[in-house]
Every structure is written in structure tokens, then in C-alpha cells.
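Everything below concerns the one structure shown next.
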Amino acid sequence: MKILLLADHMENGGAETHIYELSRFLFQKGHSVTILSYGGKIADLLAAQGIRTVPYGKAPLITLWHILREQKPDIVHAHTRQSAFLCRLLLTAIPFPFVFTAHAHFAPDPIKDMLSFFPKHIIAVSPDIAKHLAQHFHIEPNQISVIENGINNDAFCPKRDSNHCFNIVTVSRLDPDCSLTASLLCQLAPTLSREIPELCITIVGGGRAFNRIQKLAAKANTVCGRAVVRAVGQKQNVIPYLQSASLFIGVSRAALEAMSCGIPVILSGNEGYLGLAFGNTLALAEEGNFCARGHSKPTLKRLKRDILSLFSDVSLVLRASQDGRRQVLRYHTAEQMGEKTLQVYHRVLCDRQKARASDILLCGYYGYGNLGDELSLAAISSHLLAKAAQIKQKSQSACSAMLYPDPRLSVLVPSGRTYAGLDCVDRFDPCAVIQAIRGTGVLVLGGGSLLQNKTSTRSLLYYLTLLKIAHLLGTPTMLYGAGIGPIRGKLQLALCKSVLRNVDQISVRDKASHAFLKLLGITEKTRLSSDPVLFCHTAPTKGKGYLLAFVRTEEARHFEAFFNNTKKPILLAAMDKSKDLPAARRLANKLRKHGKCVGVYQGSSARELRRLIGGAELVVSARLHALILAFCMGVPFVGLSDDPKITAFSKEAYRGCPRPVARETLARHFQRRCEEMKALAAEDDAYALSLSGWENLLDKE
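Each residue of the sequence shown is one higher than the one before, starting from -10 at the first, in the numbering used here.
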């Protein structure tokens, strides 16, 4: 799964550390994670671990737009109101699955409230934040999932320092709105030092109030006559400070980290005071994300009383340490937080999958009566569904797999054309086409040489336009077993290169197309595959004594010369009735004048076509897919065409085959070569399903 996490400044802080732990968990689970932020020390740490970090730059909205188009993330997860607002601006143009996490109460601000945007799926890090969102922003409670902060309890673990002093540690951002506890500790230091001879107070953190705290610490040390209070500033790694503590005083995530280290904790912050965190106090603390929100403010008297009672009672220290560590391991591990977040992602993807028009939108020369293209559509759609069934069988939970439907396929066809099992969209209705592309998981072009202008420049421009629209809308795109070229004209080549550079996955059916892409400089996400019609493989059959020919107007003269010396019955057939049938009839008339026994096949059923090919002694064709069917069925064939793709396929099919050879031996050779060529296309369906996002719905091992 591709996950994009949005933040602001990634310096030290509770929300930033939450993003750090979440992104590490997702990355270790094998997901592709990208962090978009204004940078900072935490972003640098993530980058050093191999997680991709991207700066907003001077134009955050444009940067986000580019990432959504280029990376096409499966989930966008915003962690600040600013990043959520950027998503709101882009959602109307580029649909994407969106999650928002609220890390704190939002202070009343009419302008910010107007600009706030909350998607259908919201995460709150505590129950009181969920209640705040429901009351203040009128969000339905069933939209909000409470996922508590997760602590890396392997890193934040008990490890007593050899220091014998009574060390009180507080870790916090030292801004005016969160530095009250540090200020109170500085004021209490002289009094406490008389009661606790070996007292040390360590204040970790930086911010706008740091200089004021430093001055208070210096004043306290002067009164004490020694360095009791140390204001050490902001530290990237606070673990050594927590592990050396005898007591932690603070709130929020830092309090949980101290509890994970087995340190007794007094919950004290600007938003309230809860005292020593143990027993029933922990349940109250959970409601407010260990910030003591809604409780009375800390005072010198209450703080002094609780510090001295803890100092004088060893059993209380032990109980508070054990209760705190147990609470973190039960409810606040990074793994639990990550797994719960993945469950939310899963629900988002399920909702999106249900809401969108289709999972895969197929596009090709479908619906025009060309049997080769109809066979391609049938092969691609059936193979995609077969691959989906395999993936569901291999999913971690068979029951879970049964809950999710097969991928929904739609296809662009001329108005009025229908296919069983496929949703059909009018390919010439611009609004319907754009809506279909916007509402699908992936646009797949497959079924022949679509990107060429030998027959028509208009069709080339049509398919390039579809790919470009999909790119602008952030919809993934794929060429599936495609043939590319020839493309004539500098402008056409430039357009083709520009558009194909942004296609997410390209599989081509022949080496010539692969070489053409290399010539254009497009090598990434490009692989040599094979034609999807190869999957129409059936058992070899016995010939019934006739020759079967598939004629095209351009190559009719070659067929006349080829059949001049034959005495066997000849059956002429048309893969494309509108284009090939007139040429077949003209050729039949000419051959009859020479005394040949000739028939003309006028049907349009793929089943009948395969029956005819299976009964032929020899197939002679100017149509590629007729040759592919003959190859799949073990029937000898000859390609009569100047088209390079027919020459290339014939060489590949007969490669390694000794001549002359009996029909049975040739059939075995064809079967072996067919399996080898099909192996090249084995992953095409997996790529298409992965790009569509359908596969993310299943629980995988």
C-alpha cells in the first residue's frame, strides 16, 4: 500500500513523534511511506531510515498536487488542519482516500474553524478529543475512531541509571502555553532541596519560553547554593534522561514514554493536574490523552505534596512504576497504534471501493466487430478475474476474503454495445468517459496495437488523450500486453513520449515494441510480456482437410499467389467483417475461376472461429490474432503480411522447431513455446489489480 502522511514542521513534539512511530511501523510492515512536511529533525531521522521525505517547498498546494498525480497514493493521512485544508482544495479535482488525525483540542478560532475540513474517516488520539470534535464541529461520532498514542516500548524500557540522586525530569515544549510545570519546578526547587538533600531537577525542551525558564533555573540554583535545576534545552533523544529519572512530571506523550521506562509519573500541565498516575487515576488520564484536561490547574502546594509523598514511600514508587508500565504495554504500544490505524485505512479503502464506478476500466478497439480485439477483451477480463480469485484464496483469512467482491470491470465501447459482466461506457461521450476515468481504480489499455498511426492518427490521439486525462485526475494507468508503433511524425513521437513517461506500468507483447520504448527513453516500469490472447490455449485438434485463410485488403494479392498451386478446399474468413469480408469475397471469386473449391465464412462468433481454426490443416493469415489462436491450438500457420508484428510473432512461435516436422510434433512444440511466452505475461494481472487498489482490501500474509 502506498501511504502519504502530511505534517507541518517535523521538529520535536507529541504529534511529530506519533507520525515518526506510525511511519516506522508502516514502513517495517512493507508499505511504501512518504512524508510531506516542512522538514525538521524528525523528518531527517526518518529519511536516514530509508523512508521518503518530501518538503512542501514554496508552493505546498502544487507540491501536494504533483505527488498525488505522480505517486497516486492508496491513502492520504493528514495530521494537521493546514494539511487537511490543502487536501480539501484538491479533492474536487483529484479523488483520493483521505484520513485525518486530531492530536489535540482545537482552540476556538472562527477563521480556522471555517477553513477546517474533516473527512468521513477521522482518528482522535483520545476520547475527549473525539467528544470535542463531535460537539464543536458537529461530526457524527461513528466517523471518529479513537486510537491512542503508541510508544516504542523496546526503546523506552526500564534501565536504572547508577546516579543516586533523586532526579525529577520533565520533558515538554517550552512555549507559553505548555511551560507551567517547568516554571513551578523552578520555584519549588529551594523548598524541595531542603527536604530532599540529593535533589536534581532536569528540564528538557526548547521553545519561546526557554530563556525565561533558564533564568528561573539560575535564580533557583543561586538560592539553593548549588546546581539543582538544569534546563538542558531541546534534545532529539530523551531516552537517557527518562531512564535516569526517579520521577517524571509532565503530560501527554512524554508521560507515556516515562511510564514505558518504568518511571513513576505525576501528571501536571497547563491544561490541568491529575497527580500521581496509578490505579484509578490511569482511567481518568486515558480520557484526556494523559494531558489532565478538564481538571484543576497545578499549584505549588499540590505539586510539593505529591513529590514529597512519593519520595518518602518506596511502595508507592513501586506501584506507580508497575501500573504505568503495565498500562503502556496493554494499551499504548506502537504496534497497537499502527495496527488500529491500518484497520481505519482498510475501512477507508472499502468505502472507496464501494463508492467508485469500477475497479478497472478497460479500453481498446472493442465493440467494432473485430474478432481479434474481442478475443483480447475476453482474455484480459477473464484472466483478471481468475487472478483476483487466486489472490483471495491466498489471503490470510478465507472468511475475510469472502467478504469482498470480485473486482468490477468496465469498458469503453461505442454507444449501444454491451458485454456480459462488464459495465459499458460510451467511448465518444466526453463527460461519461471523464467520469469513468475519475471513478475507476486504474485505466488499462490493452488489446492490440493501439498506439500507432499507420492506420489512423485520430485513434493514436484518442488513446493518448485518455492516458493524459487519467494522469491529470490522478488515476493510475497501465498498458496491458500492448503493441506500440509504428508512429510517424516528430510531433506524434513527442506526444507519445510525453504521455507514456507518466504511465504507471507498461507491458508490451513483442520485442519490437520494447525496443521502440527504449528508443523513446522509456525504460522504467516497462517490461516485455506477451499478447493476452495466448491465454485462449486449448488442446490440439485433428485437421479436417481444409486450408483456412484470413484476408486483409492490403495483402489479398499475396493470398492469390499462395493458393494458386493448392488442390485442397480453401475456406476464407474475416476477423473484421466490415473491413475483411469484401476482400475475402473478391478473392473467392478469383480463385473459383481457377477451379478452386472455396468457401467464405461470414460468422462473428469467437467460439465458431476457434472451431474452424482447430479443424484446419493450415492457417494462412494477415491477422495476428488468427495466427495466435492457431499457435495456441497446435495448428500449423503461415503469416502473409508485411506487418512487422506478424513476422516477429511467427519467428518466436517457430523458434527452435526442426523442419520438416509432423503435425503432432509441431503441436507439442507450440504448446511448450506457448507456456514459455505466457510466463512473460504472468504478472500483468497482478500489476493491474495492484494499481487498482482492489488488492489492498484483502488481509494478506
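All C-beta atoms in this analysis are idealised placements derived from N, C-alpha and C, irrespective of residue type, glycine included.
Buried or exposed, going by whether 16 or more other CB atoms sit within 10 Å of the CB of Leu480?
exposed
Let me check understanding here. Comparing Cα to Cα, which of Ala670, Val303, Tyr320 lies closest to Ala274?
Tyr320
Confirm, please, whether the CB-CB distance from Ser21 to Val431 is below 7 Å.
no
Where Leu265 falls: helix, strand or coil (DSSP):
strand
Using a 10 Å radius around the Cβ and a threshold of 16 neighbouring Cβ atoms, would you call Val609 buried or exposed?
buried
Given this structure, state the Cα-to-Cα distance separating Ala695 from Ala96, to the nearest angstrom.
Nothing can be reported for residue 695, as the shown portion of the chain is limited to -10 through 690.
Helix, strand or coil: how does DSSP classify Asn578 here?
helix
What residue from Glu597, Arg600, Gly603, Phe552 has the CA that sits closest to Asn578's CA?
Phe552
Between the C-alpha atoms of Leu484 and Asp631, what's the straight-line distance to the nearest angstrom?
26 Å
Whole angstroms are fine: how far does the CA of Lys120 sit from the CA of Val422?
43 Å
What would DSSP say about Lys30, mapped onto helix, strand or coil?
helix
Met391, DSSP secondary structure in three states
For Met391, the pLDDT reaches just 49, beneath the cut-off of 50, and the residue's location in the model is therefore unreliable, although a value from the coordinates is still provided. Met391 falls in the helix class under three-state DSSP.
Label Pro419 either buried or exposed according to how many other C-beta atoms from any shown protein chain fall within 10 Å of its C-beta, with 16 as the threshold for buried.
exposed
CB-CB under 8 Å to Gly139, same chain, minus the five flanking residues each way: which ones, in chain order?
His7, Glu10, Leu11, Phe14, His321, Thr322, Ala323, Glu324, Gln325, Met326, Gly327
How far does the beta strand (DSSP E) with Phe107 in it extend, from its first residue to its last?
Note, Phe107: premise wrong, no beta strand (DSSP E); not H, not E.
Segments of 4+ residues assigned as alpha helix (DSSP H) that fall wholly inside the stretch 143 to 207:
169 to 184
Helix, strand or coil for Leu(-6) per DSSP?
strand
Per DSSP, what kind of secondary structure is Ala82 in: helix, strand or coil?
coil
Examine the Cβ distances between the stretch 586 to 600 and the stretch 645 to 653 and report whether three or more of them are shorter than 8 Å.
no
Mind listing, in chain order, the continuous beta strand (DSSP E) runs of no fewer than 3 residues lying wholly within the stretch 576 to 640?
587 to 590, 605 to 610, 626 to 628
With a cut-off of 8 Å on the beta carbons, I'd call His614 and Leu364 a contact; round off their distance for me.
6 Å
Would you call the stretch 50 to 65 and the stretch 78 to 87 in contact, with 3 or more CB pairs under 8 Å?
yes
Does His372 pass the burial test, meaning 16 or more other C-beta atoms within 10 Å, or should it be called exposed?
buried
For His284, the three-state DSSP class (helix, strand or coil):
coil
Mind checking who Phe237 pairs with in its DSSP beta bridge?
Val158, Val254
Within 10 angstroms of the Cβ of Asn1, are there 16 or more other Cβ atoms? Answer buried if so, exposed if not.
buried
Rounded separation between Arg692 and Ala538 - CA only:
No statement about residue 692 is possible, as the shown extent of the chain runs from -10 to 690 and does not include it.
Residues that Met467 bridges to, as DSSP identifies them:
Val433, Gln494
Pick helix, strand or coil for Val333, following the three-state DSSP scheme.
helix
Cβ pair Lys640, Leu523 closer than 7 Å
no
Answer yes if the stretch 27 to 44 comes into contact with the stretch -9 to 0, meaning at least three C-beta pairs across the two stretches below 8 Å, and no otherwise.
yes
Excluding the 5 residues flanking Thr654 on each side, which residues of the same chain have their C-beta closer than 7 Å to its C-beta?
none
Determine the extent of the alpha helix (DSSP H) in which Val303 is found, giving its start and end residues.
303 to 320
List the DSSP bridge partners of His66.
Leu(-6), Val88
Status (buried if at least 16 other CB within 10 Å, exposed otherwise) for Cys586
exposed
Starting from the C-beta of Leu122, find all residues in its chain whose C-beta is less than 8 Å away, skip the five residues before and the five after it, and write them out in chain order.
Ala91, Phe107, Ile111, Ala113, Ile128, Ile133
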